[in-house]
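Right, one structure below, let's go through it.
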DNA sequence: TAACGAAGTAACCAGTTAGTGCGTTAATTG
DNA sequence: CAATTAACGCACTAACTGGTTACTTCGTTA
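Protein chains in written order, with the working numbering: chain A, 25 to 256; chain B, 25 to 256.
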């Protein structure tokens with residue numbers, strides 16, 4: 025009736041996570057902002073990859089990350105901002121891995137084959153990347169547009185391919201006049217399409233697209249395709 | 025107080041759609057199940073293509089179709105069933121168009137080029153197809169799996185390609201040993217990937233992917249890629 | 001022409017979902 | 001060690017959304 029009404033909320037005491045017999049796993053520290061952020065990012069990557077931006081559920085991400093939903097909003101601001109963070113990290117990861125291929129140290133044709141193999145294997149081992157990119161394109165690259173870091177990393181990547189093609193032409197192993205962008209897109213396409221559309225393709229072609237020999241056959245076919253395209 | 029309470033709903037009188045000066049367009053009949061169904065399908069195709077299955081809004085579809093939401097559930101049962109209907113129609117449409125190409129009447133190399141051109145142009149003119157397929161793959165082809173009609177149409181399509189390759193080998197214009205499925209996937213991939221990922225690609229490659237000359241360049245590159253792949 | 005089934009409609013509902021208010025608890029620092 | 005700061009958590013809500021109820025009205029046909 026008078027003054028402030030007493031809070032009717034009930035708060036539980038923190039439960040120590042030292043459950044008996046649960047050792048072996050490194051014990052989660054009680055407070056660790058970076059670790060929590062990382063767990064949220066990982067969980068979000070999975071969830072966004074599985075259901076797309078619209079289909080993903082923030083509650084699900086929180087649960088998977090073993091974090092409170094409030095933390096997501098604390099660290100990332102909104103569902104969309106979280107998506108953007110996840111997407112940016114995914115792009116940066118593949119671009120970084122590409123830089124590590126050290127293609128400059130190899131003869132042009134070997135370098136190109138290595139790139140085709142790498143691209144294929146990266147998609148294969150990081151299926152979330154493909155789905156995230158699909159989602160982002162459904163949203164007309166609205167999020168990627170904002171990332172300056174991605175633009176810089178992309179330029180470096182395109183430059184690397186330009187250099188590789190030039191070198192191949194100079195050494196007489198590649199025919200001249202090939203556009204680096206077109207080649208890049210093709211290398212990505214022949215792997216990406218196979219993997220992203222493997223479910224519908226399995227029905228159309230009545231094959232198990234993910235069988236070990238099917239995957240090997242595809243990689244060999246793709247290398248062949250690219251080599252026939254560039255060789256003199 | 026007693027007996028049935030009177031309905032408190034207010035019903036509006038049907039509004040005749042003979043708005044002054046709106047002629048020229050063929051007047052919509054007051055009752056036309058087929059037309060309504062078709063409008064719903066078209067609206068759904070747009071909405072699903074634009075936002076994906078999860079992102080699409082049934083209310084939006086109803087509005088765009090100028091139909092009542094109840095009609096969607098009356099004709100299609102559920103949002104998912106509507107998606108399935110739209111997807112099936114989309115697949116049937118491209119498979120039908122392919123059959124009409126009459127590739128058997130052409131020399132093998134010309135037939136193949138025609139198919140590459142057709143595939144590219146079909147994707148270009150039917151952007152919803154690509155996005156629907158992406159959505160369906162996000163859902164692991166859950167809906168397509170149920171469609172027997174698609175399976176039959178697919179078999180016919182694969183058979184056509186098999187025949188074309190065989191004929192090319194016999195006539196000595198194609199090299200032997202090419203797998204029809206791999207080739208098919210590649211033909212689709214190099215067009216599909218370019219178009220579906222045009223938004224992120226525009227950022228990575230800093231190009232306008234949809235500029236007229238960019239599109240022409242890509243088609244030429246794709247034809248070249250396929251021809252180098254199959255020719256002896 | 002009465003009557004019946006199909007086409008059409010608006011209001012409603014129950015469950016979901018992104019996002020918050022407001023509090024507690026652990027770590028850090030003066 | 002007191003005070004401040006940052007991490008964390010529960011309960012809640014406003015808006016949304018797929019689906020339904022309960023009707024009206026049109027077109028056809030027995």
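Think of the CB as a built atom: it goes at the ideal place given N, C-alpha and C, for glycine as much as any other residue.
Contact with chain B is found for residue 225 (chain A), since one of that chain's Cβ atoms lies less than 8 angstroms from the residue's Cβ. With its beta carbon less than 8 angstroms from one in chain A, residue 168 (chain B) belongs to the interface. About 6 angstroms separates the Cβ atoms of residue 84 (chain B) and residue 71 (chain B), confirming a contact at the 8 angstroms cut-off. Within chain B, 209 and 213 have C-beta atoms less than 8 angstroms from the C-beta of residue 218 (chain A), given in sequence order. Taking 8 angstroms as the cut-off, the beta carbon of residue 174 (chain A) is found closer than this to the beta carbon of residue 112 (chain A). One thing to note: residue 223 (chain B) has its Cβ no nearer than 8 angstroms to the Cβ of residue 221 (chain A). Checking the DSSP bridge columns, you'll see residue 180 (chain A) has no partner listed. Taking the Cα of residue 118 (chain B) as reference, the smallest distance to any Cα among A:250, A:188, A:228 and A:62 is reached at A:228. A straight line joining the alpha-carbon of residue 225 (chain A) with that of residue 233 (chain A) spans about 8 angstroms. DSSP, reduced to helix, strand and coil, places residue 194 (chain B) within a helical segment of the structure shown. The beta-carbon of residue 221 (chain A) is placed less than 8 angstroms from the nearest beta-carbon of chain B.
Within 8 angstroms of the CB of residue 160 (chain A), the CB atoms of chain B belong to 223 and 224, in sequence order along the chain.
The DSSP-derived three-state label of residue 255 (chain B) is strand. Remark: C-beta atoms of residue 206 (chain A) and residue 100 (chain B) do not approach each other more closely than 8 angstroms. Assignment of residue 205 (chain B) by DSSP, reduced to helix, strand and coil, places it in the helix class.
For residue 215 (chain B), the secondary structure class from DSSP, reduced to helix, strand or coil, is helix. For the region 60 to 90 of chain A, the set of residues with a beta-carbon nearer than 7 angstroms to any beta-carbon of chain B comprises 75, 76, 78 and 79, in chain order. If you compare the alpha carbons of A:156, A:170, A:253 and A:151 with that of residue 197 (chain A), the shortest gap goes to A:253.
Judged by their CB atoms, residue 189 (chain B) and residue 127 (chain B) are not nearer to each other than the 8 angstroms cut-off.
By the C-beta density criterion, residue 183 (chain B) is exposed, having fewer than 16 other C-beta atoms within 10 angstroms. For residue 247 (chain A), no Cβ of chain B is located within less than 8 angstroms of the residue's own Cβ. Along the region 83 to 165 of chain B, the alpha helix (DSSP H) occurs as fully enclosed runs of 4 or more residues at 93 to 100, 103 to 123, 132 to 149 and 151 to 162, listed in sequence order. Look at residue 54 (chain B): its C-beta is not under 8 angstroms from any C-beta on chain A. If you look at residue 230 (chain A), you'll find it isn't in any alpha helix (DSSP H); DSSP assigns it neither H nor E.
DSSP places residue 173 (chain A) within a helical segment (H, G or I) once states are collapsed to three. As the crow flies, the alpha-carbon of residue 151 (chain B) is around 8 angstroms from that of residue 73 (chain B). Under the Cβ distance rule, residue 193 (chain A) does not count among the residues neighbouring chain B, no pair being separated by less than 8 angstroms. With a cutoff of 8 angstroms on beta-carbon distance, residue 114 (chain A) and residue 168 (chain A) are scored as not near each other. In this structure, residue 86 (chain A) sits near residue 96 (chain A), with a CB-CB distance shorter than 8 angstroms.
Excluding residues up to 5 positions away in sequence, 167 lie with their Cβ nearer than 6 angstroms to the Cβ of residue 108 (chain B) in the same chain. Taking the Cα of residue 65 (chain A) as reference, the smallest distance to any Cα among A:240, A:75, A:55 and A:91 is reached at A:91. Contact between the region 123 to 137 of chain A and the region 133 to 151 of chain B is absent: fewer than three C-beta pairs spanning the two stretches fall below 8 angstroms.
For residue 175 (chain A), the neighbours in chain B by C-beta distance under 7 angstroms run, in chain order, 227.
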